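This is the structure in structure tokens:
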């Protein structure tokens with residue numbers, strides 16, 4: 001609660017700014033962050049947001065990097081606006097969140113891969129890299145790749161065939 005403060009992470013700033021807009025527009029105070037999950041987006045809602053909060057939307061779009069004045073368009077702003085304006089409905093889902101840069105991530109991923117009952121069933125899984133130090137990035141990447149290959153051994157019908165490591169970059173053709 002309260003205004004953004006410099007010591008907070010950027011997503012908190014954006015959520016707090018969106019909350020202020022709702023307080024001004026609807027007299028409603030948002031008290032819960034939306035969990036990491038797939039978010040449905042409705043074009044009509046985005047159009048209304050762009051019209052109603054034009055200055056805030058344009059300022060956020062113009063930010064080269066995250067800024068304390070940004071708003072959280074796809075999450076807080078879109079989802080709560082849809083709910084408050086009658087476009088959206090509240091949903092229920094089970095989610096698991098793992099910050100892959102923490103010291104406990106390997107244990108959590110092992111439990112998830114093994115189907116540990118303590119983890120329970122879930123609809124969505126978010127593997128988030130909040131702030132992995134540069135010296136750990138390679139090891140964390142390996143850990144995540146191993147987890148994904150173990151947990152999801154068969155490719156989805158939506159997956160593209162992967163190039164071998166060191167294969168051609170997208171948009172570059174190799175002459176024969």
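Numbering (full-length UniProt numbering), first residue to last: 1 to 176. Ideal Cβ positions, reconstructed from N, Cα and C, are used throughout, including at glycine. Since this is a predicted model, take the numbers as computed values, not measurements.
Secondary structure of residue i, DSSP reduced to three states
i, result
"residue 157", "coil"
"residue 46", "helix"
"residue 38", "coil"
"residue 152", "coil"
"residue 18", "helix"
"residue 7", "coil"
Cβ distance (whole Å) where residue i is taken to contact residue j below 8 Å
i, j, result
"residue 60", "residue 42", "Not confirmed; about 19 Å, so no contact."
"residue 83", "residue 53", "So it is not a contact: roughly 16 Å between Cβ atoms."
"residue 130", "residue 99", "5 Å"
"residue 37", "residue 95", "5 Å"
Where residue i falls, given that 16 or more other Cβ within 10 Å makes a residue buried
i, result
"residue 124", "exposed"
"residue 127", "buried"
"residue 16", "buried"
"residue 28", "exposed"
"residue 73", "buried"
### Query
At what residue ranges does the region 57 to 91 contain a whole run of the alpha helix (DSSP H), taking only runs of 4 or more?
With a minimum length of 4 residues, the continuous alpha helix (DSSP H) runs that stay inside the region 57 to 91 are 78 to 85.
### Query
What are the complete beta strand (DSSP E) segments, minimum 3 residues, inside the region 82 to 150?
If only uninterrupted beta strand (DSSP E) runs of at least 3 residues are considered, those enclosed by the region 82 to 150 are 95 to 99, 124 to 128.
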